[in-house]
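Position one of the sequence shown corresponds to residue 175 (this note's numbering), numbered consecutively onward.
Just so you know, even glycine gets a beta-carbon here, dropped at the ideal spot from N, CA and C.
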Amino acid sequence: MNAQSSPAIGPDKGWRIWWQLTRPHTLTAGFVPVILGTVLALGIARINLLLFAAMLVATLLIQAATNMFNEYYDYKRGLDTEHSVGIGGAIVRNGIKPKTVLHLAFAFFGAAMLIGVYICSQSSWWIAVIGSVCMLVAYLYTAGPFPISSTPLGELISGFFMGVIIILISFFIQTKTITWPIVFVSIPIMILIGAIMLSNNIRDLDGDKANGRKTIAILLGRKGAILLLAVMFALSYLWMAGLVLFGIVTPWVLLVFVSTPKPVRAIKGFIGKSEPLQMLPAMKATAQTNTIFGLLLSISFLIDHFI
């Protein structure tokens, strides 16, 4: 996540250092799947609110820990500097010791595991196996000799685990079952979370290329990556329309089309831009697309359930 051409960004102070370390703008990618998976369970089971809260907190802890691993390992590899855009900056701008960030990330993992024990006790111990795999993938996303984030598979893997798997777990712990319609509904969320990662890679394309990374944005080039992002946005909306057409979900889900100005703004914001700071509004719109799409989708199922 290098951006040498961007101006230096000032350090945070006090509690803001630790808050920014979690990269709060990314946390919506954690809570949207949990909310959607839980709402989908309404039609089958009575919702256990404590279990929902536990799943939400555990997911956010893992997401925040993943961001901290990213902060630590990108620093160790020389990818982050005080000029870098989109990072917490605790190490390179605020002087926090790298080991402190790493230890805090593992502490968040530990807390998520303790919460996971409660979740498993109320559902199935298979969740422990799946959760462990999720945490391993979260760690290896930027750690290890071949970080997932440096490969063309970063968007697919992050989208699958944060989108599909989290939605299915959130649904399963409430209902003790999995149905195909739930899998189908999770696909656009997977795509949109992948879109967030792709937008990051479009922003970081020049720096990543200089550091030997092989992201999909680098392989396709800037114009090709922006085109792929547009296709991903379009596919997410068309997928939901298709599910309605085949009678798999309620027509209420077409509420998600209210969010279409956001992806349009994102694509327009990337076109013709090459400086990381110039692309921040487009990245924000990309993240907001996932958030608003996911919340509207959840609301649509709530409406269908109560009407």
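Outcome for residue i when other beta-carbon atoms lying within 10 angstroms are tallied against a minimum of 16
i           : result
residue 195 : buried
residue 362 : buried
residue 163 : The structure shown does not extend to residue 163, since the chain is modelled only from 175 through 481, so no value can be given for it.
residue 273 : exposed
residue 206 : buried
residue 320 : exposed
residue 267 : buried
residue 224 : exposed
residue 288 : exposed
residue 190 : exposed
residue 461 : buried
residue 476 : exposed
residue 264 : buried
residue 436 : buried
residue 219 : exposed
residue 355 : exposed
residue 323 : buried
residue 290 : buried
residue 303 : exposed
residue 467 : buried
residue 472 : buried
residue 234 : buried
residue 481 : exposed
residue 357 : exposed
residue 381 : buried
C-beta atoms of residue i and residue j nearer than 8 Å
i           : j           : result
residue 243 : residue 351 : no
residue 432 : residue 470 : yes
residue 212 : residue 295 : no
residue 407 : residue 369 : yes
residue 221 : residue 215 : yes
residue 331 : residue 359 : no
residue 388 : residue 450 : no
residue 236 : residue 280 : no
residue 434 : residue 202 : no
residue 328 : residue 371 : yes
residue 340 : residue 297 : no
residue 413 : residue 474 : no
residue 410 : residue 441 : no
residue 457 : residue 377 : yes
Enclosing alpha helix (DSSP H) for residue i [first to last residue]
i           : result
residue 362 : 354 to 377
residue 453 : Element bounds for residue 453: n/a, residue is neither H nor E.
residue 349 : 340 to 349
residue 481 : No alpha helix (DSSP H) holds residue 481; DSSP gives it neither H nor E.
residue 420 : Segment: none, residue 420 is in no alpha helix (DSSP H) and carries neither H nor E.
residue 336 : First-last for residue 336: undefined, no H or E at that position.
residue 439 : 435 to 444
residue 224 : 223 to 250
residue 307 : 300 to 314
residue 289 : 272 to 296
residue 207 : 202 to 214
Nearest-angstrom Cβ-Cβ length linking residue i and residue j, presumed shorter than 8 Å
i           : j           : result
residue 400 : residue 367 : With a Cβ gap of about 18 Å, residue 400 and residue 367 do not count as contacting.
residue 276 : residue 246 : 5 Å
residue 232 : residue 293 : 7 Å
residue 373 : residue 403 : 7 Å
residue 379 : residue 396 : 6 Å
Residue i, DSSP secondary structure in three states
i           : result
residue 190 : helix
residue 267 : coil
residue 473 : helix
residue 384 : helix
residue 390 : helix
residue 325 : coil
residue 396 : helix
residue 217 : helix
residue 317 : coil
residue 448 : coil
residue 403 : helix
residue 412 : helix
residue 424 : coil
residue 196 : coil
residue 429 : helix
residue 181 : Low confidence applies here, because residue 181 scores a pLDDT of 43, under 50, leaving its location unreliable and the question unanswered by this model.
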